[in-house]
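In what follows, a single structure is set out as structure tokens and then discussed.
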Amino acid sequence: MLPSRANLGQGQRFAKVWNEDVAVVHLTTGRYRARFATGDADIARARGLRHLCFRTARGLGGSDADRFDATCRHMLLEEVATGQLVCCFRLLMLESGAAIDTSYSAQFYDLERLSDFRAPMIELGRFCIHPDLRDPDILRLAWGALTQVVDGAAVGMLFGCSSFDGAAAESHADALARLCDHLAPAQWMPGVRAPAVHAFATGLRGRIARKAPQMPPLLRTYLLMGGWVSDHAVVDAELNTMHVFTGLEIALIPAARARLLRAVGGLPANL
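If you count the sequence shown from 1, position 111 lands on 110 in numbering that gives the first Met the number 0, and the numbers rise without skipping.
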């Protein structure tokens, strides 16, 4: 926190950083720029991309809007030359784990253990990249923008749901077996809340993969930074997906990777 905030209480500092300082995130690298949504039109564009990625691609109608949109900040990544929306995600900021049950993820996981987490937390949700694009710079820029937010608001943990396409557990067996090496520490381990789950950690530990497992890009990045997952996956039959709870404790990110993230985010190497 900056010295000028030293006379503010923790809750006041939190609100000031989140509502004022973090609002000015605006990052451009190469072909793309990242910025927060500034009004209803921006949020409608984000919902449109989410619908394309999560529903249209699966032959589903309906809306991708939900009640969490109103309490989240929405990040947009656009192509500079055309203004095309290439990626979006939303962020729900929690002052500490005491508010964890207000998160989207808490609908599907028992997160009581995380209620003891004392530092600010961000839930990263509805992350999607336009399905026609395969440019790694998009994901790189997304993490750079996230790094600005995390550092600016002194966030202690990122968390959310990481999804696999396809609800059949066997089609993801090799990847789920690999996740057994990245299970949450006992003090934070999410419990079961959803009615349909696949408890992969009890049956796949030690499985030898037949081929290199295919991890969702966002989940792969979490793991490279030292992230961890729940011991079970939640099955979403409507969207034909299954997802795992994913957590990343900021203080445990390897120093070399933290420097790379800060470089992309235009931040000093050490804060």
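Built from N, CA and C at the ideal position, the CB exists for glycine as well.
Per DSSP, I137 is one residue of the alpha helix (DSSP H) stretching across 135 to 151. A distance of 8 Å or more separates the beta carbons of G38 and G143. Distance from the Cα of L218 is smallest, within the candidate group T81, F163, R133, for F163. DSSP places Y31 in the strand class (E or B) of the three-state scheme. For the set A185, L110, M188, E77, the Cα lying nearest the Cα of A141 is the one of E77. Sequence-distant Cβ neighbours of I121 in its own chain, meaning closer than 6 Å and more than five residues away, are L90, M92, V154, L157. In this structure, V228 places its C-beta atom within 8 Å of the C-beta atom of H181.
A distance below 8 Å between beta-carbons, with the five flanking residues on each side excluded, links A250 to the following residues of its chain, in chain order: G155. Taken through DSSP and simplified to helix, strand or coil, D109 comes out as strand.
Sorting R125, R32, A36 by C-alpha distance to the C-alpha of V79 places R32 at the top. In the structure shown, the three-state DSSP call for A64 is coil. At a Cβ-Cβ threshold of 8 Å, A168 and M241 count as neighbours. Straight-line measurement puts the Cα of A43 at about 22 Å from the Cα of C160. If you draw a straight line from the Cα of L51 to the Cα of D41, it is about 16 Å long.
In this structure, F199 keeps its C-beta atom at 8 Å or more from the C-beta atom of S104.
If you compare the alpha carbons of D131, G165, F116, T146 with that of L123, the shortest gap goes to T146.
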